[in-house]
Amino acid sequence: MSLAFTGRRAAAAIVTAALLVPLAACGNKDDGAKAGGAEKSGGSTAKADLTVLAAASLTDVFKTAGAVYEKSHPGTKVKFSFAGSQELAAQVKQGAPADALVTADTKTMDGLKADTGTPAVIARNRLVIAVGKDNPKKVHDLKDLTGSNLKVVLAAPEVPVGRYSKKVLDQQHLAVHPVSQEPNVRAVLSKVELGEADAGIVYKTDAATAPGKVEAIDIPDAQNAVADYPAATLKTSKNGAAAAAFVTWLNTPEAQQILQKAGFQKP
Numbered sequence: 021m022s023l024a025f026t027g028r029r030a031a032a033a034i035v036t037a038a039l040l041v042p043l044a045a046c047g048n049k050d051d052g053a054k055a056g057g058a059e060k061s062g063g064s065t066a067k068a069d070l071t072v073l074a075a076a077s078l079t080d081v082f083k084t085a086g087a088v089y090e091k092s093h094p095g096t097k098v099k100f101s102f103a104g105s106q107e108l109a110a111q112v113k114q115g116a117p118a119d120a121l122v123t124a125d126t127k128t129m130d131g132l133k134a135d136t137g138t139p140a141v142i143a144r145n146r147l148v149i150a151v152g153k154d155n156p157k158k159v160h161d162l163k164d165l166t167g168s169n170l171k172v173v174l175a176a177p178e179v180p181v182g183r184y185s186k187k188v189l190d191q192q193h194l195a196v197h198p199v200s201q202e203p204n205v206r207a208v209l210s211k212v213e214l215g216e217a218d219a220g221i222v223y224k225t226d227a228a229t230a231p232g233k234v235e236a237i238d239i240p241d242a243q244n245a246v247a248d249y250p251a252a253t254l255k256t257s258k259n260g261a262a263a264a265a266f267v268t269w270l271n272t273p274e275a276q277q278i279l280q281k282a283g284f285q286k287p
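Going by our numbering, the first residue of the sequence shown is number 21, and it counts up by one from there.
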């Protein structure tokens, strides 16, 4: 083999290698972009500072749930804004910056279809009669709330728990005249807890947050109402993937265990 031929073959090999290097680099870049895109869009890896508008009756349990969620989803922070569902709906309509919404009834959520993603019920609740410690007025059932010597406080009828209360009382043909109508269930509970009212109708889970201060009188299932808690993302959210991940998580075994431990029922 001549020296000239050997030199030409070596030169060709160098040119070929030079051409392959940028092609390989392009291939690696595309693969990296795909992997990065998949990781970025994946709900399980989405990271953000979330604001969740939630019904007042979820105050205690969602604080616990939020801490658990943040621990298992590093980089995500969850901030809650609690109020009556009707107040939350007004905030959404006014364009309040938030990522997800959880109400204490489907009626309020249904009225926000243009503003939310598809809702999913994450929990259920029932009503009880809340009375002071040791039940000083000896309240035993819904009929006792009609007594003229009893100071009863209810939530306003536009509030989900107020609407449920009115429903159960109307079904039993009972006329109760509350001394006040409150903007959310926690305000009703507070009135009873402070002795400003003898009795009130609240959710079972709310009465359980004041042990030693408030006692709960069960309302029979046949006379009771079931409250559904739907959760949905908000279309105006700037953290869509992270908000969807949180809403989905609320129906996982981990979240359901927290909710049920607080007295909420399975959805």
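Beta carbons: idealized from backbone N, C-alpha and C, even for Gly.
These figures come from a predicted structure and were not determined experimentally.
Hey, V148 and A236 are a contact pair by Cβ (cut 8 Å); roughly how many whole angstroms apart?
-> 4 Å
Thinking just about the alpha-carbon of each residue, which of L165, P177 and I142 is nearest to the one in A251?
-> I142
Cβ-Cβ distance between V72 and A120 below 7 Å | yes
Spatial neighbours of F284 in its chain, beta-carbon cut-off 8 Å, leaving aside the 5 residues before and after = V81, A143, R144, N145, T225 and Y249
When DSSP labels each residue in this structure, what does L121 get in the three-state scheme?
-> strand
Residue range of the alpha helix (DSSP H) that V199 falls in?
-> Neither: V199 is in no alpha helix (DSSP H) and is coded neither H nor E.
Any idea what DSSP makes of G260, helix, strand or coil?
-> helix
S168 (DSSP reduced to helix, strand or coil) | coil
So the beta strand (DSSP E) V112 belongs to, where does it begin and stop?
-> V112 -> not in any beta strand (DSSP E); alpha helix (DSSP H) instead, spanning S105 to K113.
Please name the residue or residues paired with Y223 in a DSSP beta bridge.
-> L147
Determine the extent of the beta strand (DSSP E) in which D135 is found, giving its start and end residues.
-> Note, D135: premise wrong, no beta strand (DSSP E); not H, not E.
Would you tell me roughly how many angstroms separate the C-alpha atoms of K233 and K153, rounded to the nearest one?
-> 5 Å
How big is the Cα-Cα spacing for A261 and T128?
-> 24 Å
State the DSSP-derived secondary structure class of A252, mapped to helix, strand or coil.
-> strand
F100 and A116: beta carbons closer than 7 Å?
-> no
Answer yes if the segment 191 to 206 comes into contact with the segment 161 to 176, meaning at least three C-beta pairs across the two stretches below 8 Å, and no otherwise.
-> yes
Burial state of G62, where buried means 16 or more other Cβ atoms lie within 10 Å = A caution first: G62 carries a pLDDT of 37, below 50, which makes its placement in the model unreliable, though a value can still be read off. The residue in question, G62, is exposed, as its Cβ has fewer than 16 Cβ neighbours within 10 Å.
Rounded to a whole number of angstroms, what is the C-alpha to C-alpha distance between H197 and T166?
-> 7 Å
Return helix, strand or coil for L78, following the three-state DSSP convention.
-> helix
Out of curiosity, what's the CA-to-CA distance linking K258 and K67?
-> 12 Å
Could you give the distance in angstroms between the alpha-carbon of Q106 and the alpha-carbon of W269?
-> 24 Å
Where the alpha helix (DSSP H) through V181 begins and ends | P180 to Q191
Contact check, G289 vs K255 under 8 Å by CB: the rounded distance?
-> Any property of residue 289 remains undetermined from this structure, which presents the chain solely from 21 to 287.
Could you tell me the distance, in whole angstroms, from the CA atom of V246 to the CA atom of H93?
-> 32 Å
Taking the alpha carbon of T253 as the point to measure from, which residue in P177, K91, V98 and P139 has its own alpha carbon closest?
-> P139
Could you have a look at L73 and say whether DSSP puts it in helix, strand or coil?
-> strand
What residues in its chain sit with their C-beta under 8 Å from that of L209, if we drop five residues either side in the sequence?
-> A150, G220, V222, D226, A227, T229, A230 and V234
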